[in-house]
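Participant:
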Amino acid sequence: MEIVLLFSFLAILLAKWMLYPHVAVRRALSDPDELGTYAILPIALMTIGALTITQVSEGPWGGHAFTLAVIWRIGVVWVCVTCVVVLTVLFYTGNQADKDMTPVLFMAAVGMATAASEAGLITIYGFDMSSRLAVPQIIVGYFVSGVAMFMATLLYTVYFHRLLAAGWPAPAKRAGLFILIGPCGQLATAFQLLGESANTYMRFSQHKPSAIQPPEYGTFWTQQTAQGVDGAGIFMALLLLGFDYLWFCIAIIGVVDVFVKRQATYTLTWWAIVFPTVTLTTAWLELASSMDSPTFRALVCALTIFLVIAFFVNLAFTLRGVANGSLIFGKSQLEIEEGMTKKAQDEMRSSKAEV
Numbered sequence: 001m002e003i004v005l006l007f008s009f010l011a012i013l014l015a016k017w018m019l020y021p022h023v024a025v026r027r028a029l030s031d032p033d034e035l036g037t038y039a040i041l042p043i044a045l046m047t048i049g050a051l052t053i054t055q056v057s058e059g060p061w062g063g064h065a066f067t068l069a070v071i072w073r074i075g076v077v078w079v080c081v082t083c084v085v086v087l088t089v090l091f092y093t094g095n096q097a098d099k100d101m102t103p104v105l106f107m108a109a110v111g112m113a114t115a116a117s118e119a120g121l122i123t124i125y126g127f128d129m130s131s132r133l134a135v136p137q138i139i140v141g142y143f144v145s146g147v148a149m150f151m152a153t154l155l156y157t158v159y160f161h162r163l164l165a166a167g168w169p170a171p172a173k174r175a176g177l178f179i180l181i182g183p184c185g186q187l188a189t190a191f192q193l194l195g196e197s198a199n200t201y202m203r204f205s206q207h208k209p210s211a212i213q214p215p216e217y218g219t220f221w222t223q224q225t226a227q228g229v230d231g232a233g234i235f236m237a238l239l240l241l242g243f244d245y246l247w248f249c250i251a252i253i254g255v256v257d258v259f260v261k262r263q264a265t266y267t268l269t270w271w272a273i274v275f276p277t278v279t280l281t282t283a284w285l286e287l288a289s290s291m292d293s294p295t296f297r298a299l300v301c302a303l304t305i306f307l308v309i310a311f312f313v314n315l316a317f318t319l320r321g322v323a324n325g326s327l328i329f330g331k332s333q334l335e336i337e338e339g340m341t342k343k344a345q346d347e348m349r350s351s352k353a354e355v
């Protein structure tokens, strides 16, 4: 099903660029939300590879590990190109005012972090994957982790300034704040999986064995190095998750503010609650396993329950919106925001008149 959806939306996107190239270019240059979503497609491709290797097939069918390694490499190249293009277009247009900056711009950093986490996952669960195939993937995983971490750091700084200078995003887009959880959550998972692959599955110590040199030959490809990398990954995960919970709390407060002021309207932006919170859950799941912590396992259960509820609530509202046409033929985002502003102004005038 995931493969069908991926190629269906990819076909729609390609058709749009082939049939209406001028419209597609204008939207990409003028709409940061649409520009940022181009990173979702390679994320989906790599996620399908990860789901295949962990849920569908761990059997020894021919070319299993190699096939998934190729899929991962395609995803890495795709997301790296997307990341560079997104940043270049943003610099070219120069239209990112504080008030207009969107959390969707973090999707490029999330894509790079996803590439890192899938690198660790595939080298752990890939059936009969050799260390000669796994170790280059681990090294590239750390490389893209660095890109994701420092790119996210820059974006966090800019977006924090945006919140200070311009306040909360528009109510209909407020749920998009949950996207800010994604980079750190995915990086926390990535560092743990890469370290586990290097250490527990002996990827470093088994790299480049020969009849002349012992398996531990090399200044970096040793089991001692792998143990240090594994421990450092857990330490980095704890630091990143601490920062991640700051944004998790900010996102919750921002969404609660929308409901308190009765400004909530359903848009597809509310799906942003689901995927970023998944990255937080997987990071805690890895920590619960490595630390054998009952507290972390309870936290994973609580987050999983929250995700299930959020998923089915979004699904219900989405199906209702498709059925009544509000999500397809309804008002535009601008019209919704203008209507809310007018309603708030009318309420303010009426309250002043009563006084």
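Every letter in the sequence shown is one number past the one before it in UniProt numbering, and letter 288, counting from 1, is 288.
For each residue, glycine too, the CB sits at the ideal point set by N, CA and C.
Looking at C-alpha atoms only, which residue of Ala109, Leu29, Gly36 is the closest neighbour of Thr93?
Facilitator: Start at 1 with the first residue of the sequence shown, and residue 93 comes out as number 93. Of Ala109, Leu29, Gly36, the residue nearest in Cα terms is Leu29.
Participant: So the candidates are Arg320, Trp284, Ala316; which of them puts its Cα closest to the Cα of Leu303?
Facilitator: Your numbering for residue 303 matches position 303 in the sequence shown. When each option's Cα is compared against that of Leu303, the closest is Trp284.
Participant: With a threshold of 8 angstroms, are at least 3 pairs of Cβ atoms found where one atom belongs to the segment 274-288 and the other to the segment 163-183?
Facilitator: Judged by Cβ distances under 8 angstroms, the segment 274-288 makes contact with the segment 163-183, as three or more pairs qualify.
Participant: Select from Ala172, Ala152, Ala165, Thr222 the residue whose C-alpha is nearest the C-alpha of Ala188.
Facilitator: Counting from one through the sequence shown, the residue named residue 188 turns up at place 188. The option with the nearest alpha carbon to Ala188 is Ala152.
Participant: Over what stretch of residues does the alpha helix (DSSP H) that includes Leu121 continue unbroken?
Facilitator: Position 121 of the sequence shown, counting from 1, holds the residue named residue 121. First-last of the alpha helix (DSSP H) with Leu121: 107-125.
Participant: Alpha carbon to alpha carbon, how far is Met107 from Ser8? Give it in angstroms, no decimals.
Facilitator: For the purposes of this step, residue 8 is taken as the residue at position 8 of the sequence shown. For the purposes of this step, residue 107 is taken as the residue at position 107 of the sequence shown. Distance between the alpha carbons of Ser8 and Met107 is about 21 angstroms.
Participant: How many angstroms separate the CA atom of His22 from the CA atom of Asp33?
Facilitator: Counted from its first residue, the sequence shown places residue 22 at position 22. Counted from its first residue, the sequence shown places residue 33 at position 33. One C-alpha to the other measures close to 18 angstroms.
Participant: Which class does Pro42 belong to by DSSP, given the choice of helix, strand or coil?
Facilitator: For the purposes of this step, residue 42 is identified with residue 42 of the sequence shown, where counting begins at 1. In this structure, Pro42 counts as helix in the three-state DSSP scheme.
Participant: Measure the C-alpha to C-alpha separation of Gly228 and Gln192 and round it to an integer number of angstroms.
Facilitator: Taking the sequence shown and counting its residues from 1, the one referred to as residue 228 is at position 228. Taking the sequence shown and counting its residues from 1, the one referred to as residue 192 is at position 192. In a straight line, the C-alpha of Gly228 is about 12 angstroms away from that of Gln192.
Participant: So, Ile138 versus Val79, is the Cβ gap smaller than 9 angstroms?
Facilitator: The residue labelled residue 138 in the question sits at position 138 within the sequence shown. The residue labelled residue 79 in the question sits at position 79 within the sequence shown. Against a cut-off of 9 angstroms, the Cβ pair of Val79 and Ile138 comes out as no contact.
Participant: Taking three-plus beta-carbon pairs below 8 angstroms as touching, is the segment 284-298 in contact with the segment 235-255?
Facilitator: Cβ pair count under 8 angstroms is three or more, so yes.
Participant: Touching or not, the segment 82-90 and the segment 10-20, by the rule of three or more beta carbon pairs under 8 angstroms?
Facilitator: Output reads no: the segment 10-20 does not touch the segment 82-90.
Participant: Can you grab the Cα-Cα spacing for the pair Phe309 / Ala172, in whole Å?
Facilitator: Here residue 309 refers to the residue found at position 309 when the sequence shown is read from its first residue. Here residue 172 refers to the residue found at position 172 when the sequence shown is read from its first residue. One detail in the question is off: residue 309 reads as Ile in this sequence, not Phe. Those two C-alpha atoms are separated by around 20 angstroms.
Participant: Which of the three DSSP states is assigned to Ser197 in this structure?
Facilitator: Stepping through the sequence shown from its first residue, residue 197 is reached at position 197. Reduced to three states, the DSSP call for Ser197 is helix.
Participant: Which value, in whole angstroms, describes the spacing of the CA atoms of Phe311 and Leu268?
Facilitator: What you label residue 311 is simply residue 311 of the sequence shown in a count that begins at 1. What you label residue 268 is simply residue 268 of the sequence shown in a count that begins at 1. Straight-line Cα distance between these residues: approximately 12 angstroms.
Participant: Suppose the cutoff is 7 angstroms on Cβ atoms and the five residues either side in sequence are ignored; what does the same chain contact list for Ala109 look like?
Facilitator: Position 109 of the sequence shown, counted from the start, is the residue given in the question as residue 109. Excluding positions up to five away in sequence, the list reads Ala148, Met151, Ala152, Leu155, Pro183.
Participant: Let me know if Val158 comes out buried or exposed under the rule of 16 or more other beta-carbons within 10 Å of its beta-carbon.
Facilitator: Sequence index remark: in the sequence shown, residue 158 carries index 158 (1-based). It counts as exposed.
Participant: Which word fits Tyr125, buried or exposed, when buried means at least 16 other C-beta atoms lie within 10 angstroms of its C-beta?
Facilitator: Numbered from its first residue, the sequence shown carries residue 125 at position 125. Buried, by the Cβ-count rule.
Participant: Can you round the beta-carbon distance between Ala190 and Gly120 to whole angstroms, since I take them to be within the 8 angstroms contact cut?
Facilitator: In the sequence shown, the residue the question calls residue 190 occupies position 190. In the sequence shown, the residue the question calls residue 120 occupies position 120. Contact flag correct, Cβ pair sits at about 6 angstroms.
Participant: In this structure, does DSSP put Asp230 in helix, strand or coil?
Facilitator: Here residue 230 corresponds to residue number 230 of the sequence shown, with the count starting at 1. Looking at Asp230 - three-state DSSP - the assignment turns out to be helix.
Participant: For Ala113 versus Val144, is the C-beta spacing smaller than 9 angstroms?
Facilitator: Numbered from 1 along the sequence shown, position 113 holds the residue referred to as residue 113. Numbered from 1 along the sequence shown, position 144 holds the residue referred to as residue 144. Closer than 9 angstroms, so yes.
Participant: For the candidate residues Thr52, Thr47, Gly111, Leu307, whose alpha-carbon lies nearest to that of Ala39?
Facilitator: Sequence index remark: in the sequence shown, residue 39 carries index 39 (1-based). For Ala39, the nearest C-alpha among the options comes from Gly111.
Participant: Once DSSP output is grouped into helix, strand and coil, what is the label at Phe169?
Facilitator: Start at 1 with the first residue of the sequence shown, and residue 169 comes out as number 169. The question names Phe, but residue 169 in the sequence shown is Pro. Coil, per DSSP.
Participant: Report all residues from its chain with a CB closer than 7 angstroms to the CB of Leu299; omit the five preceding and five following residues, and keep chain order.
Facilitator: Locating residue 299 in the sequence shown gives position 299, counting from the first residue. So the list reads Trp284, once near-sequence residues are dropped.
Participant: Can you tell me whether Ala50 is buried or exposed, with buried defined as 16 or more other CB within 10 angstroms of its CB?
Facilitator: The residue you call residue 50 lines up with position 50 of the sequence shown. When all chains shown are included, Ala50 counts as buried.
Participant: Quick one: is Gln186 buried, meaning 16 or more other Cβ sit within 10 Å of its Cβ, or exposed?
Facilitator: Counted from its first residue, the sequence shown places residue 186 at position 186. It is buried - the Cβ of Gln186 has at least 16 other Cβ atoms within 10 Å.
Participant: Is the beta carbon of Val104 sitting closer than 9 angstroms to the one on Thr47?
Facilitator: Translated into the one-based positions of the sequence shown, residue 104 becomes position 104. Translated into the one-based positions of the sequence shown, residue 47 becomes position 47. Against a cut-off of 9 angstroms, the Cβ pair of Thr47 and Val104 comes out as no contact.
Participant: Can you tell which of Gln96, Thr265, Thr281, Tyr142 has the C-alpha that lies nearest to the C-alpha of Phe306?
Facilitator: On the sequence shown, position 306 is the one that residue 306 refers to. Taking only the C-alpha atoms, the option nearest Phe306 is Thr281.
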